[in-house]
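Enquirer: Protein sequences appear in the order of chains A and B.
Per our numbering, numbering of the first sequence is gapless, rising by one per residue and ending at 250.
Per our numbering, numbering of the second sequence is gapless, rising by one per residue and ending at 313.
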Amino acid sequence: MKSLYLFPLWVRLWHWINALLFITLIVSGASLHFAGSSGWLKFDTAMWVHNTAGILLTLAWLLFVIGNWVTDNGKHYRIQFNGIIGRIIQQSVYYAVGIFRGDTPPFKMSMAMKFNTLQQLTYISVIYGLMPLLMISGWLFLFASDLPAQILGMGSIWVIAMVHLVVAYLLVLFLFSHIYIITTGDTIFSHLRAMLTGWHKETEYD
Amino acid sequence: MKNFNVITVFVILLGITSVVTGNDVINAKTETSYCLRCHSMETLAYRDKNTGLMVNLSVNPDQYRQSNHQNLACVDCHQADYSGYPHSESVKLETLHCLDCHQNDPKLVHYRFEDVEQAFKKSVHAEQLPEQFSCFSCHDSHQFKVSQVGDNLADIIRHGNGICTNCHQSPQINHQWLPNPKLHWRSVRCIECHTPAKFSHQVLPAAESTDLCVDCHSKEATLLTRLYQYRSEEDLQKTGWVNKAVFNQAYIIGMSRNETIDRWGLIILAFTIAGLFAHGLGRFLASQLRSRHE
Numbered sequence: 045m046k047s048l049y050l051f052p053l054w055v056r057l058w059h060w061i062n063a064l065l066f067i068t069l070i071v072s073g074a075s076l077h078f079a080g081s082s083g084w085l086k087f088d089t090a091m092w093v094h095n096t097a098g099i100l101l102t103l104a105w106l107l108f109v110i111g112n113w114v115t116d117n118g119k120h121y122r123i124q125f126n127g128i129i130g131r132i133i134q135q136s137v138y139y140a141v142g143i144f145r146g147d148t149p150p151f152k153m154s155m156a157m158k159f160n161t162l163q164q165l166t167y168i169s170v171i172y173g174l175m176p177l178l179m180i181s182g183w184l185f186l187f188a189s190d191l192p193a194q195i196l197g198m199g200s201i202w203v204i205a206m207v208h209l210v211v212a213y214l215l216v217l218f219l220f221s222h223i224y225i226i227t228t229g230d231t232i233f234s235h236l237r238a239m240l241t242g243w244h245k246e247t248e249y250d
Numbered sequence: 020m021k022n023f024n025v026i027t028v029f030v031i032l033l034g035i036t037s038v039v040t041g042n043d044v045i046n047a048k049t050e051t052s053y054c055l056r057c058h059s060m061e062t063l064a065y066r067d068k069n070t071g072l073m074v075n076l077s078v079n080p081d082q083y084r085q086s087n088h089q090n091l092a093c094v095d096c097h098q099a100d101y102s103g104y105p106h107s108e109s110v111k112l113e114t115l116h117c118l119d120c121h122q123n124d125p126k127l128v129h130y131r132f133e134d135v136e137q138a139f140k141k142s143v144h145a146e147q148l149p150e151q152f153s154c155f156s157c158h159d160s161h162q163f164k165v166s167q168v169g170d171n172l173a174d175i176i177r178h179g180n181g182i183c184t185n186c187h188q189s190p191q192i193n194h195q196w197l198p199n200p201k202l203h204w205r206s207v208r209c210i211e212c213h214t215p216a217k218f219s220h221q222v223l224p225a226a227e228s229t230d231l232c233v234d235c236h237s238k239e240a241t242l243l244t245r246l247y248q249y250r251s252e253e254d255l256q257k258t259g260w261v262n263k264a265v266f267n268q269a270y271i272i273g274m275s276r277n278e279t280i281d282r283w284g285l286i287i288l289a290f291t292i293a294g295l296f297a298h299g300l301g302r303f304l305a306s307q308l309r310s311r312h313e
């Protein structure tokens, strides 16, 4: 059995800090959003917790983007357009059918590429699409006084609130899907172990 | 000779003193301090024979010196003949008006006095009691101080609501429907609900004022923006950028709520979780089945 060192320490640290901040932001965000009915955190507490976690999330995100830029970890986020449709279909069919039949997974993790195409597109959308939208809308809340009163005939704060809300829901969806999809490795906990130790153990298929 | 010199100096000094004193008296009569000798008395007032109401003539010197009009002398605005005492009856006819000074003033253009005037004319006060209401009914120009960003928000609210409760002395009777009314009165000004969002001087009749929670606590954009931006700006001025980001007080309960997004967000989330659970269960059962066959 061969082992690959796919997750360097800085990536693992970022991942788990990010995970902690996500949970903190979801709990405090829901406490603010459903104030009076969620009963998780007190409104006054949730305010500074959410603000602080949001600022830390931005810092962590910036460090991750810089890390991807200066190390070769960024290569996992470069889309190979050649044959992409075929790979998406293949991976989707595997998740929909093959996984139940015990088929050999169509994608094999390697030092050159650790994500299958569906994972890769999801992570790119989350890290380079949804997270910036979430963070920008969050920061605009904090400095709302510098905004114009209206955007497109609607109150700008409300527009920002709705963007923040929709993106937050999408990221909660991502979090649940992510937690589930990591159980689809060779064993239920193999991906989780890899993100803790850095090492991915390869399974030999017949 | 020596005595002559002493007398001469004395006479000259006396002359100078009397000239200076004479000028002072002439100037002093037009100076604020001269007026305040009487008008700073807290109880200076008279009862108007026509209306039967007490007319307060007292000016608090400390508040006056801190007001926006602190650099104006009394006579800059009060130009009737106040030279004699008691003042002549004619001074009662003197009418003052904010726009007399503030119209087309380039320094004050952002206060939009002309718009304020128009909004006031449409207010319930001006429409129902036009004879009794003027700017000065609510704004005492001897102590008026415009709220600045960075002032304590609670003080601004207390002062603003104090103007209303000066006449409307039992607001709780009509606000029993309002959840936690005391918290509302500490947190927002009466005019947030009792004026249209953009025209804070167009005080509305009670029936036209908003009683919809969602006007503030949800999507009604203009009102939300007005409240939220004010708080956000105040926080920024008070605490600086870092503290502002961490200890931002600009949240309004329910501000981000949207029934449709919440409903669909939670439905999709529930279906996703159920789908993931079903997928996992399917994998488990399929693997059990496979292992039985092997």
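Don't be surprised by glycine CBs; every beta carbon is placed ideally from N, CA and C.
If you measure from the beta carbon of Ala305(B) to each beta carbon in chain A, is any gap under 8 angstroms?
Expert: Taking the second sequence and counting its residues from 1, the one referred to as residue 305(B) is at position 286. At least one chain A Cβ lies under 8 angstroms of Ala305(B).
Enquirer: What does DSSP give as the partner residue(s) for Ala138(B) in the beta ladder?
Expert: Position 119 of the second sequence, counted from the start, is the residue given in the question as residue 138(B). Beta-bridge pairing links Ala138(B) to no other residue.
Enquirer: Decide yes or no for the touch test of the stretch 225-237 of chain A against the stretch 197-212 of chain A: beta carbon pairs closer than 8 angstroms, at least 3 of them.
Expert: Counting Cβ pairs under 8 angstroms, fewer than three are found: no touch.
Enquirer: Give the straight-line distance between the Cα atoms of Ala145(B) and His187(B), rounded to the nearest whole angstrom.
Expert: What you label residue 145(B) is simply residue 126 of the second sequence in a count that begins at 1. What you label residue 187(B) is simply residue 168 of the second sequence in a count that begins at 1. Cα to Cα, the separation comes out at about 16 angstroms.
Enquirer: Does the separation of the CB atoms of Leu209(A) and Ser275(B) fall below 8 angstroms?
Expert: Locating residue 209(A) in the first sequence gives position 165, counting from the first residue. Locating residue 275(B) in the second sequence gives position 256, counting from the first residue. Yes. Within cutoff.
Enquirer: Could you please give the first and the last residue of the uninterrupted alpha helix (DSSP H) stretch that includes Val114(A)?
Expert: In the first sequence, the residue the question calls residue 114(A) occupies position 70. Start and end: Phe87 to Val114.
Enquirer: Verify whether the separation of the beta carbon atoms of Ser72(A) and Leu85(A) is less than 8 angstroms.
Expert: Position 28 of the first sequence, counted from the start, is the residue given in the question as residue 72(A). Position 41 of the first sequence, counted from the start, is the residue given in the question as residue 85(A). For Ser72(A) and Leu85(A), yes; Cβs fall inside 8 angstroms.
Enquirer: Spatial neighbours of Ser160(B) within its chain, please: C-beta separation below 7 angstroms, excluding the five flanking residues on both sides.
Expert: Translated into the one-based positions of the second sequence, residue 160(B) becomes position 141. Result list for Ser160(B): His88, in chain order.
Enquirer: I think Val143(B) touches Val222(B), with their Cβ atoms under 8 angstroms apart; what is that distance to the nearest whole Å?
Expert: The sequence position of residue 143(B) within the second sequence is 124, counting from 1. The sequence position of residue 222(B) within the second sequence is 203, counting from 1. Yes, Val143(B) and Val222(B) are in contact; Cβ-Cβ is about 5 angstroms, under 8 angstroms.
Enquirer: Among Gly179(B), Leu148(B) and Cys117(B), which one has its Cα closest to the Cα of Phe155(B)?
Expert: Along the second sequence, read from residue 1 onward, the residue named residue 155(B) stands at position 136. Ranking the options by Cα distance to Phe155(B), first place goes to Cys117(B).
Enquirer: Output the distance between the C-alpha atoms of Val216(A) and Met91(A), rounded to the nearest integer angstrom.
Expert: One-based indexing of the first sequence puts residue 216(A) at position 172. One-based indexing of the first sequence puts residue 91(A) at position 47. Approximately 19 angstroms, taken between the alpha carbons.
Enquirer: Would you please verify whether the beta carbon of Leu165(A) is less than 8 angstroms from any beta carbon of chain B?
Expert: What you label residue 165(A) is simply residue 121 of the first sequence in a count that begins at 1. Chain B contact via Cβ: absent.
Enquirer: So what's Trp202(A) in DSSP terms, helix, strand or just coil?
Expert: For the purposes of this step, residue 202(A) is taken as the residue at position 158 of the first sequence. Trp202(A) falls in the helix class under three-state DSSP.
Enquirer: Shorter than 8 angstroms from the beta carbon of Asn199(B) to some beta carbon of chain A?
Expert: Taking the second sequence and counting its residues from 1, one reaches residue 199(B) at position 180. Chain A contact via Cβ: absent.
Enquirer: Ordered along the chain, which non-local residues of its own chain (more than five positions away) have a Cβ less than 6 angstroms from that of Ile195(A)?
Expert: One-based indexing of the first sequence puts residue 195(A) at position 151. So the list reads Val203, once near-sequence residues are dropped.
Enquirer: Please name the residue in Cys54(B), Leu112(B) and Leu304(B) whose C-alpha comes closest to that of Ala99(B).
Expert: Against the second sequence, residue 99(B) aligns to sequence position 80. For the residues Cys54(B), Leu112(B) and Leu304(B), the minimum Cα distance to Ala99(B) belongs to Leu112(B).
Enquirer: Check Gln82(B) in the structure and name its three-state DSSP category.
Expert: Indexing the second sequence from 1 puts residue 82(B) at position 63. Of the three classes helix, strand and coil, the one that applies to Gln82(B) here is helix, per DSSP.
Enquirer: Helix, strand or coil: which one does DSSP assign to Met340(B)?
Expert: For chain B, the structure presents residues 20 to 313; residue 340(B) sits outside this window and is missing.
Enquirer: Does any C-beta atom of chain C lie closer than 8 angstroms to the C-beta of Asn180(B)?
Expert: Among the protein chains of the structure shown, namely A and B, there is no chain C.
Enquirer: In whole angstroms, what separates the C-alpha of Pro149(B) from that of Thr114(B)?
Expert: By 1-based counting over the second sequence, the position of residue 149(B) is 130. By 1-based counting over the second sequence, the position of residue 114(B) is 95. Cα to Cα, Pro149(B) sits roughly 14 angstroms from Thr114(B).
Enquirer: Throw me the rounded Cβ distance for the Tyr213(A) and Gly301(B) pair, which I believe falls under 8 angstroms.
Expert: As a working mapping, residue 213(A) is identified with position 169 in the first sequence. As a working mapping, residue 301(B) is identified with position 282 in the second sequence. That belief does not hold up - the Cβ atoms of Tyr213(A) and Gly301(B) are roughly 26 angstroms apart, past 8 angstroms.
Enquirer: If you follow the alpha helix (DSSP H) that Ser136(A) is part of, which residue opens it and which one closes it?
Expert: Sequence index remark: in the first sequence, residue 136(A) carries index 92 (1-based). It spans Ile128 to Val137 - the alpha helix (DSSP H) in which Ser136(A) sits, taken as one unbroken run.
Enquirer: Going by DSSP in three states, Ser52(B) sits in which element: helix, strand or coil?
Expert: Counted from its first residue, the second sequence places residue 52(B) at position 33. The answer is helix: DSSP assigns Ser52(B) an H, G or I state.
Enquirer: Just verifying my parser: in three-state terms, what is the DSSP assignment at Ile195(A)?
Expert: Position 151 of the first sequence, counted from the start, is the residue given in the question as residue 195(A). Ile195(A) falls in the strand class under three-state DSSP.
Enquirer: Report the residue from Trp113(A), Leu50(A), Ala188(A) and Met175(A) whose alpha carbon sits nearest the alpha carbon of Leu65(A).
Expert: Numbered from its first residue, the first sequence carries residue 65(A) at position 21. For Leu65(A), the nearest C-alpha among the options comes from Met175(A).
Enquirer: Would a C-beta distance cut-off of 8 angstroms place Phe218(A) and Val170(A) closer than the cut-off?
Expert: Against the first sequence, residue 218(A) aligns to sequence position 174. Against the first sequence, residue 170(A) aligns to sequence position 126. Taking 8 angstroms as the Cβ cut-off, Phe218(A) and Val170(A) qualify as a contacting pair.
Enquirer: My output table needs one value for Trp84(A): the three-state DSSP class, helix, strand or coil.
Expert: Within the first sequence, the letter at position 40 stands for residue 84(A). The answer is coil: DSSP assigns Trp84(A) none of H, G, I, E or B.
Enquirer: Locate the alpha helix (DSSP H) running through Trp196(B), then write down its first and last residues.
Expert: Residue 196(B) sits at position 177 when you count from the first residue of the second sequence. First-last for Trp196(B): undefined, no H or E at that position.
Enquirer: Could you work out which residue in Thr247(A), Ile143(A) and Glu246(A) is closest to Leu304(B) when comparing CA atoms only?
Expert: For the purposes of this step, residue 304(B) is taken as residue 285 along the second sequence, with counting starting at 1. Nearest C-alpha to Leu304(B): Ile143(A).
Enquirer: Where do the ends of the beta strand (DSSP E) carrying His244(A) lie?
Expert: As a working note, residue 244(A) is residue 200 in the first sequence. Residues Trp243 to Lys245.
Enquirer: Between which two residues does the beta strand (DSSP E) harbouring Arg208(B) extend?
Expert: Taking the first residue of the second sequence as 1, we reach residue 208(B) at position 189. Unbroken run through Arg208(B): none, as it is neither H nor E.
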